[in-house]
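Shown next, in structure tokens, is the structure this report addresses.
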Amino acid sequence: MFMFEKAVVGGRRYWSWLGVLAAVIALGFASYLRQLDQGLAITGLSRDVTWGLYIAQFTFLVGVAASAVMVVLPYYLHNYKVFGKVTILGEFLAISAVTMCMLFILVDMGQPARVLNVILHPTPNSIMFWDMVSLSGYLVLNAVIALVTLTAERKGIAPPGWIKPVILISIPWAISIHTVTAFLYNGLPGRSFWLTALLAPRFLASAFSAGPALLILLCMILRRFTWFDVGREPIQKLALIVTYAMVVNVFFVLMELFTVFYSGIPEHQEHFKYLFVGLEGHGSLVPWMWTSVLLAVASLVLLLVPRFRHDEKILAVACVTVFLSLWIDKGIGLIVGGFVPSPLGAVTEYAPTLPEISIALGIWAVGFLMITVFYKITLSVREYLGA
Amino acid sequence: MSIDRKTFLRITGCGLAAALAGSKIAGLIAEAQDELTTPDPAALKGRRWAMVIDTKKCLKDEGCDKCIQACHRVHNVPEIADARREVKWIWKEPFEHAFPAHDPEHLPEALAGRPVLVFCNHCDAPPCVRVCPTKATWKRASDGVVMMDWHRCIGCRYCVAACPYGSRSFNWSDPRPHLVQINGAYPTRTKGVVEKCTFCDERLARGQLPACVEACTEKALIFGDLADPGSEVRRLVRENFTLRRKPELGTAPQVFYLI
Chain A
1 MFMFEKAVVG
11 GRRYWSWLGV
21 LAAVIALGFA
31 SYLRQLDQGL
41 AITGLSRDVT
51 WGLYIAQFTF
61 LVGVAASAVM
71 VVLPYYLHNY
81 KVFGKVTILG
91 EFLAISAVTM
101 CMLFILVDMG
111 QPARVLNVIL
121 HPTPNSIMFW
131 DMVSLSGYLV
141 LNAVIALVTL
151 TAERKGIAPP
161 GWIKPVILIS
171 IPWAISIHTV
181 TAFLYNGLPG
191 RSFWLTALLA
201 PRFLASAFSA
211 GPALLILLCM
221 ILRRFTWFDV
231 GREPIQKLAL
241 IVTYAMVVNV
251 FFVLMELFTV
261 FYSGIPEHQE
271 HFKYLFVGLE
281 GHGSLVPWMW
291 TSVLLAVASL
301 VLLLVPRFRH
311 DEKILAVACV
321 TVFLSLWIDK
331 GIGLIVGGFV
341 PSPLGAVTEY
351 APTLPEISIA
361 LGIWAVGFLM
371 ITVFYKITLS
381 VREYLGA
Chain B
388 MSIDRKTFLR
398 ITGCGLAAAL
408 AGSKIAGLIA
418 EAQDELTTPD
428 PAALKGRRWA
438 MVIDTKKCLK
448 DEGCDKCIQA
458 CHRVHNVPEI
468 ADARREVKWI
478 WKEPFEHAFP
488 AHDPEHLPEA
498 LAGRPVLVFC
508 NHCDAPPCVR
518 VCPTKATWKR
528 ASDGVVMMDW
538 HRCIGCRYCV
548 AACPYGSRSF
558 NWSDPRPHLV
568 QINGAYPTRT
578 KGVVEKCTFC
588 DERLARGQLP
598 ACVEACTEKA
608 LIFGDLADPG
618 SEVRRLVREN
628 FTLRRKPELG
638 TAPQVFYLI
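Which chain is which? The protein sequence lines are A and B, in order.
So the first sequence is residues 1 to 387, counted in my numbering.
So the second sequence is residues 388 to 646, counted in my numbering.
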């Protein structure tokens, strides 16, 4: 089924990497069994900070999933042939990222056995219902597209005509998954930090920066450890996309800061104060947030100067800084910052516990396992065709 | 296959007995269902239940917690020592936390820092209901009570994020070991579900006032039908200046504070 036979043939390095991932997954799964038994009390979450690491990872990874559109759109809509070799890599990245998103939602649930209630009692007035619809739809779209195009490639024929409209639908669908995810947060009356129409655009800008940055790094890893080389041109084009998106993202953040601090409305300011200078003596996220700022500035310098961007070694560093900066911003600050202070003014700190971190790492390992297997299949098909 | 007379009689006999027992059990079930689904004629009827809290009366004895005790005992609300993981249906907050628009520096001494009772506001436009992905929480059409089905709740805590009053509690672990005494007439909860005040829907159905209202010896909590022009709550709201928590959010809270 779906050329999985190609995934079970590999060298020692391939198998030891899979072994490492399997070990991390096993550890995470063991922690999850503990969570199932004892409840979410094993996490660092509380009355005041009810969402944390899990939901933040979910939010960040929706962005990574959506970013596949940055290779799909130029290739299919503008017939930009340079992306021919990376498009399927982007789609497989999206499939893996959406799967991680779903797992992060599942581990965050207090009663995971009741998850089907979302389908048994569909509730269109809940954004979470639409998030389920858009994420699962996106998963199916990308799975179908990747399967059909790769199968056609293996057979050396053109993909069937009906796949073109499916691909075209996947483009606005990618935008929708991150827009709906932003709507989860910015429609809540008592949570001033998220109550901004800029949230969805900001989500998209950071996604289109962090996602392609990860894709560049994956392409470089493939070049280093396999025979497969996407070439210089697609990487440089992706770098340009990362640059533009990062500039737009930083611009959006500055717009947010102006609105919040020039208007001077306390309940909008307090969340930013908590994140960047601390509030009422609590400031455990302050070092993280400033690290994110410094990384963002550094990445802009490395990306905006053409001489740096064109040097692939420096570009790799720039991609790492972009990814880390946005992971801190979205994967930590954005969710926790919305809960502190609480609607009653309480400043309660949050720090994930070891079991919580181990569950999160386990899910990331599932994602990397999927990426590895999918890329292995893709490369095997292309190696066979090239031989 | 052939069977002798004795076996035949035994089988038919057992069959008959089972059929009889079955019809008897079905009858019992129907009876129990009737009891559960037929409304009690004594049930309190209202179109829009609401509460008025007379803070002056309430603050006469700041240490009093009869209403909290009564509510938590009757509803099997656990007592959890860790404040970060507390479950609470009704509790006290300093005035400026309950009403954050009021700057404590310029509040009268009788109010600044003084405890105010807070609980679910049974909003007319409840954000928690809007966001729930399974209809595990809903506004009852007949009387406006914001209800909660903790057997359907999936524990996503979206309602907790949506409530601007912090009125919802999540069971981070099994609450039962934290119950000193279990009231057998009311369900206990399991880990991983959200709970909150339901205006004592189970007591209203039996013709009783909410437990907190009944427990207050100062008569500081007044419960009634806001849609009824002749009701006590309507009169109090009409004749006095009252505060509601964060009315600017458009949630239309149905708990009014007499200051």
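All residues carry an ideal CB built from backbone N, CA and C; glycine is no exception.
Is residue i close to chain B, meaning its C-beta is less than 8 Å from at least one C-beta of that chain?
i, result
"N142(A)", "no"
"V253(A)", "no"
"H268(A)", "no"
"R47(A)", "yes"
"N186(A)", "no"
"V390(A)", "Outside the shown range of chain A, which is 1 to 387, sits residue 390(A), and nothing can be said about it."
"T196(A)", "no"
"R382(A)", "no"
"V293(A)", "no"
"R114(A)", "yes"
"M128(A)", "yes"
So with CB distances below 8 Å, who are the chain A contacts of residue i?
i, result
"E480(B)", "L344"
Report the neighbours of residue i on chain A: residues whose CB is nearer than 9 Å to its CB, in chain order.
i, result
"K578(B)", "Q38, G39, L40, A41, G110, Q111"
"C451(B)", "Near C451(B) there are no residues of chain A at all, since even the closest Cβ is about 21 Å away, more than 9 Å."
Tell me residue i's beta-bridge partners as DSSP assigns them.
i, result
"T629(B)", "L645(B)"
"I171(A)", "Beta-bridge pairing links I171(A) to no other residue."
"M438(B)", "F610(B), V642(B)"
"F557(B)", "V581(B)"
"W478(B)", "V505(B)"
Are the C-beta atoms of residue i and some chain A residue less than 8 Å apart?
i, result
"K443(B)", "no"
"V642(B)", "no"
"F349(B)", "Nothing in the structure corresponds to residue 349(B), since chain B is present only between 388 and 646."
"P520(B)", "yes"
"C540(B)", "yes"
"E418(B)", "no"
"H484(B)", "yes"
"W559(B)", "yes"
"E473(B)", "yes"
"S410(B)", "no"
"L556(B)", "Note on residue identity: the sequence assigns Ser, not Leu, to residue 556(B). Judged by the 8 Å Cβ criterion, S556(B) is in contact with chain A."
List the residues of chain B that residue i touches, going by C-beta distances under 7 Å, in chain order.
i, result
"P189(A)", "P514, P551, L636, G637, T638"
"N125(A)", "R517"
"V336(A)", "By Cβ distance, chain B contributes nothing, its closest Cβ being about 12 Å from V336(A), past 7 Å."
"N117(A)", "T521, R539, I541"
"T348(A)", "R471"
Since residue i meets chain B, which of its residues come closer than 8 Å, beta carbon to beta carbon?
i, result
"W51(A)", "R544, A548"
"I95(A)", "In chain order: nothing, as chain B lies at least about 24 Å away."
Name the chain A residues whose beta carbon is nearer than 7 Å to that of residue i?
i, result
"P487(B)", "G345"
Please list the partners that residue i has in chain B, where partner means a Cβ-to-Cβ separation under 9 Å.
i, result
"H121(A)", "P520, T521, K522, A523, R539"
Original post:
Quick one: complete alpha helix (DSSP H) runs, 4+ long, within the region 321 to 378 of chain A?
Top reply: 334 to 339
**OP:** Decide yes or no for the touch test of the region 70 to 78 of chain A against the region 86 to 99 of chain A: beta carbon pairs closer than 8 Å, at least 3 of them.
**Re:** yes
Original post:
Considering only residues of the region 504 to 536 of chain B, which uninterrupted alpha helix (DSSP H) runs meet the minimum length of 4 residues and lie entirely inside it, listed in chain order?
Top reply: List check, alpha helix (DSSP H) in window: 514 to 518.
Original post:
Counting pairs of Cβ atoms below 8 Å between the region 542 to 561 of chain B and the region 338 to 347 of chain A, do you hit three or more?
Top reply: Pairwise C-beta distances place the region 542 to 561 of chain B in contact with the region 338 to 347 of chain A, as three or more of them are shorter than 8 Å.
**OP:** With a floor of 4 residues, list each alpha helix (DSSP H) that falls wholly inside the region 233 to 311 of chain A, ordered by position along the chain.
**Re:** 266 to 276, 286 to 304, 306 to 310
**OP:** Please confirm if the region 307 to 327 of chain A is in contact with the region 355 to 365 of chain A, defined as three or more CB-CB distances below 8 Å between the two stretches.
**Re:** no
Original post:
Which ranges does the alpha helix (DSSP H) cover as unbroken runs of at least 4 residues, wholly within the region 88 to 164 of chain A, from first to last along the chain?
Top reply: 117 to 120, 127 to 155
Original post:
Are there three or more Cβ pairs, one per stretch, closer than 8 Å when the region 175 to 189 of chain A is compared with the region 131 to 150 of chain A?
Top reply: Below 8 Å, enough C-beta pairs join the region 175 to 189 of chain A and the region 131 to 150 of chain A to call them touching: three or more.
Original post:
Any chance the region 469 to 488 of chain B sits against the region 424 to 439 of chain B, with 3 or more Cβ pairs inside 8 Å?
Top reply: no
Original post:
Is the region 321 to 328 of chain A touching the region 292 to 303 of chain A in the sense that three or more CB pairs, one from each, lie closer than 8 Å?
Top reply: yes
Original post:
Pairing CB atoms from the region 569 to 579 of chain B with CB atoms from the region 616 to 626 of chain B, are three or more of them under 8 Å?
Top reply: The region 569 to 579 of chain B and the region 616 to 626 of chain B do not touch, with fewer than 3 CB-CB distances between them shorter than 8 Å.
Original post:
Quick check: the region 492 to 511 of chain B against the region 525 to 534 of chain B, are there 3 or more CB pairs under 8 Å?
Top reply: yes
**OP:** Would you list, in sequence order, the uninterrupted beta strand (DSSP E) runs of no fewer than 3 residues that lie entirely inside the region 24 to 75 of chain A?
**Re:** none
Original post:
Is the region 197 to 207 of chain A in contact with the region 235 to 252 of chain A, if contact means three or more CB pairs nearer than 8 Å?
Top reply: Yes, the region 197 to 207 of chain A touches the region 235 to 252 of chain A.
**OP:** Determine, using beta-carbon pairs with one atom in the region 446 to 454 of chain B and one in the region 593 to 609 of chain B, whether at least three such pairs fall under 8 Å.
**Re:** The count of Cβ pairs closer than 8 Å, one atom from the region 446 to 454 of chain B and one from the region 593 to 609 of chain B, reaches three, so the stretches are in contact.
Original post:
With contact counted as at least three CB pairs below 8 Å, one residue from each stretch, are the region 142 to 158 of chain A and the region 93 to 100 of chain A in contact?
Top reply: Inter-segment contact for the region 142 to 158 of chain A and the region 93 to 100 of chain A is present: three or more beta-carbon pairs are separated by less than 8 Å.
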